[in-house]
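Taking it in order: structure first as structure tokens, then the write-up.
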Amino acid sequence: MSVSVIVPTFKRPDFLERLLASIATQTLKEFEVIVVDDNSPNKNDYQSVVEKYSKLFPLTFISNEDNRGAPYSRNFGIQRAKYDYLALVDDDDEWLPQKLEKQLKAFQEGPKTLGLVYTWADIVEVDKNKRYAFYQGKINGHARKAILHECFIPSPTVMVKKEAIFKAGLFDESFPSCQDWDTWTRIIFSGYEVKVLPEVLTLYHKHGAPTIGTSPKAKLGFVKYYQKHFWKLLIYGEWRHLVRLIRLKLKI
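Residue numbers (my numbering): -18 to 233.
Okay, here's the thing in structure tokens:
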């Protein structure tokens, strides 16, 4: 059993190098890495990073012909993955050494309906040189109501079965944000279970660079999620989200 690691990136070769350095320390050695650059202007800087790490593990670097966004880049990488298990991560995050090995073991020991394994994560505040707990989830199994209540699965911690994400329909490229929440929701409602590894195996780096979560696109993403999953939210009694949908629609 092997893993395909999918990494979208844009104008951050220094962050990408930190991530690739953490991937190089993985105790699991059977993996490939597919980096999809969203048409960054600093191609020479990327080339230096790719040349360095392609000597350490199988590394494919793909550059989009134009800027298409992270969901497109993730889908582009997923469609080229060799292996049946996909580890998804952004270029500004980092993994601890046993992450891939422990997640793959969870799949090996789990039921056939297990479609997604996620881990605990810590935040690292780069400017303040601080690290503290970010997410310590406890949700396992058939998590339909839980995923509608909130996005409890941190994106850079995820390993997912390729069959599960293809059955769900890959990432929705029309989403300006919340595309991870939407994808996990569709995977779970396709009949797959989830499992958490209650151990910090992922580091989420908080930095001053632009992020989608602090932009106006974040609100649009929530609106799209609420509209797309409206009937699910209604059936499972997630009234607070439906009230928020009305409030957001009035503001947009």
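From the three backbone atoms N, C-alpha and C, an ideal C-beta is built for every residue, glycine too. Keep in mind the model is a prediction, meaning the values are calculated, not measured.
query: Cβ contact check for the stretch 18 to 36 and the stretch 80 to 96: 3 or more pairs under 8 angstroms; result: no
query: 8 angstroms Cβ cutoff met for Asp240 and Asn20; result: The question about residue 240 has no answer, for the chain in this structure spans -18 to 233.
query: Proximity of Leu184 and Glu75 at Cβ, strictly below 8 angstroms; result: yes
query: Presumed contact (8 angstroms Cβ cut-off) between Tyr113 and Val175, rounded CB distance; result: Not a contact, Cβ separation roughly 25 angstroms.
query: Three-state secondary structure (DSSP) of Gly194; result: With a pLDDT of only 49 at Gly194, under the threshold of 50, the placement of this residue in the model should not be trusted; the figure read from the coordinates follows. If DSSP states are grouped into helix, strand and coil, Gly194 belongs with the helices.
query: Pairwise C-alpha distance: Val224 and Lys187; result: 30 angstroms
query: Enclosing alpha helix (DSSP H) for Asp58 [first to last residue]; result: The amino acid at residue 58 is misidentified as Asp; the sequence shows Gly. That run of the alpha helix (DSSP H) goes 51 to 59.
query: Reduced DSSP secondary structure (H/G/I, E/B, other) of Ile289; result: No statement about residue 289 is possible, as the shown extent of the chain runs from -18 to 233 and does not include it.
query: Nonlocal neighbours in the same chain, by C-beta distance under 6 angstroms from Leu77, ignoring five residues either side; result: Leu182
query: Where the alpha helix (DSSP H) containing Ala268 begins and where it ends; result: The first residue shown for the chain is -18 and the last is 233, placing residue 268 beyond what the model contains.
query: CB-CB length for Val141 against Leu67, believed under 8 angstroms; result: 5 angstroms
query: Distance, Asp153 Cα to Ile128 Cα; result: 17 angstroms
query: Test: Leu40 CB closer than 8 angstroms to a CB of chain C; result: Chain labels in this structure do not include chain C; a single protein chain is all it has.
query: Chain-order list of residues whose beta-carbon lies under 6 angstroms from that of Leu69 (same chain, five-residue window excluded); result: Ile(-13), Val139
query: His222 versus Trp212: straight-line alpha-carbon distance, rounded; result: 12 angstroms
query: The beta strand (DSSP E) enclosing Tyr185, as first and last residue numbers; result: 174 to 187
query: Environment of Asn110 [buried if 16+ CB atoms lie within 10 Å]; result: exposed
query: Residue of Ile146, Glu144, Gln79, Trp162 minimising C-alpha distance to Phe308; result: In this structure the chain extends from -18 to 233, so residue 308 is not present and cannot be described.
query: Candidates Met(-18), Arg125, Gly58, Glu144: closest to Asn45 by CA position; result: Gly58
query: Check whether Leu9 and Leu85 have beta carbons under 8 angstroms apart; result: yes
query: First and last residue of the uninterrupted beta strand (DSSP E) at Ser29; result: Per DSSP, Ser29 belongs to no beta strand (DSSP E); it is in the alpha helix (DSSP H), 24 to 34.
query: Residue burial classification, Ile43 (beta-carbon count within 10 angstroms, cutoff 16); result: exposed
query: Asp73 versus Leu214: straight-line alpha-carbon distance, rounded; result: 32 angstroms
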